[in-house]
Ligand code: ADP
Ligand code: ADP
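Residue numbers (full-length UniProt numbering): 2 to 231.
Take a look at the structure:
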């Protein structure tokens, strides 16, 4: 069963009302399959629909038309609460801007998502510690974000995304805020996670970054023009 399977996904944004209604067709019939264990880069010019597609894949939004199955299950007709629950369990998000909580240590930041799982504190911290070790930060557990380099901060954010063992890691311009050395650090980590069997979808506009993925999906005017199938 593919992790992501889309057929004819369309997204129309409507604003205004009556004769003044304005429609923007952000996605126009997207077909996309991502198999378990793939490392895929998503590219396309500004306005081509990348953010919209990532929002739909990450269950932050739903298609206007077409079918999206995550892990074989259609998202059609699910309530906001159901989408949120599936999102929290199955999707790990990584952003350009890290979004770490500044007053929490690396360990506490990574343990935070597990609070909502109802795990006891000792177990949360143990899992967070193991995940930070897995991204090479076993010696930075008690550091605050401000005490870490950009690449280290992004590794903490990746650990926070991985701690719930998601089916899919969604990374939106993960190297966009990093110098070339830190970018290399993050891309090497993604390659290593890919080798361990993780499924990763990364948006980037940098060809050198996209080239590190196993496959490049190209969007143009809301359509996949290349790489939609494994
Ligand atoms: P990208 O991430 O590739 O820049 P987006 O998905 O942000 O593309 O946008 C695709 C198109 O949809 C653009 O024309 C954009 O202006 C439009 N769009 C995106 N979000 C909205 C929204 N919430 N309301 C109206 N139009 C939107
Ligand atoms: P990015 O830098 O990722 O391309 P965008 O500029 O595409 O970000 O979008 C930023 C936010 O603004 C998104 O949440 C998107 O849905 C929204 N947005 C984008 N274009 C429009 C638009 N034309 N009208 C309303 N909201 C929009």
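All C-beta atoms in this analysis are idealised placements derived from N, C-alpha and C, irrespective of residue type, glycine included.
{"query": "Pick from 14, 105 and 186 that is closest to residue 57, judged by C-alpha positions", "result": "14"}
{"query": "Contacts around residue 35, its chain only, beta-carbon distance under 7 Å, and the 5 residues preceding and following it disregarded", "result": "3, 4, 5, 41, 200 and 202"}
{"query": "Exposure label - residue 99; buried when at least 16 CB within 10 Å", "result": "buried"}
{"query": "Heavy atom of ligand 1 within 7 Å of residue 25 beta-carbon", "result": "yes"}
{"query": "The stretch 132-140 in contact with the stretch 149-163 per 3-pair CB rule at 8 Å", "result": "yes"}
{"query": "Beta strand (DSSP E) runs wholly inside the stretch 157-196, at least 3 long, in chain order", "result": "169-173"}
{"query": "Proximity winner among 169, 144 and 168, relative to residue 157 (alpha-carbon distances)", "result": "144"}
{"query": "Assigned secondary structure, residue 239 (DSSP; H/G/I helix, E/B strand, else coil)", "result": "Nothing can be reported for residue 239: it is not among the residues displayed for the chain, which extend from 2 to 231."}
{"query": "6 Å CB neighbourhood of residue 125 in its chain, flanking five on each side removed", "result": "112 and 115"}
{"query": "Beta strand (DSSP E) runs contained entirely in the stretch 24-76, provided each spans 3 or more residues", "result": "40-44 and 66-71"}
{"query": "Spatial distance of residue 195 from residue 38 (CA atoms)", "result": "6 Å"}
{"query": "When 28, 121 and 229 are compared against residue 52, the one with the closest alpha-carbon", "result": "28"}
{"query": "Identity of the residues DSSP links to residue 14 by a beta bridge", "result": "25"}
{"query": "CA-to-CA distance, residue 123 to residue 228, given in whole angstroms", "result": "44 Å"}
{"query": "Bridge partner(s) assigned by DSSP for residue 227", "result": "219"}
{"query": "Contact test: residue 117 Cβ vs ligand 1 heavy atom, cutoff 7 Å", "result": "no"}
{"query": "Beta-carbon contacts of residue 206 that lie in its chain and below 7 Å, excluding the five residues immediately before and after", "result": "44"}
{"query": "Assumed close pair residue 33, residue 7 - CB separation to whole angstroms, cut-off 8 Å", "result": "4 Å"}
{"query": "With 16 other Cβ atoms within 10 Å as the buried cut-off, status of residue 193", "result": "exposed"}
{"query": "Nearest to residue 223 (by Cα), restricted to the options 90, 197 and 46", "result": "46"}
{"query": "Which listed residue (62, 50 and 67) has its alpha carbon closest to that of residue 82", "result": "62"}
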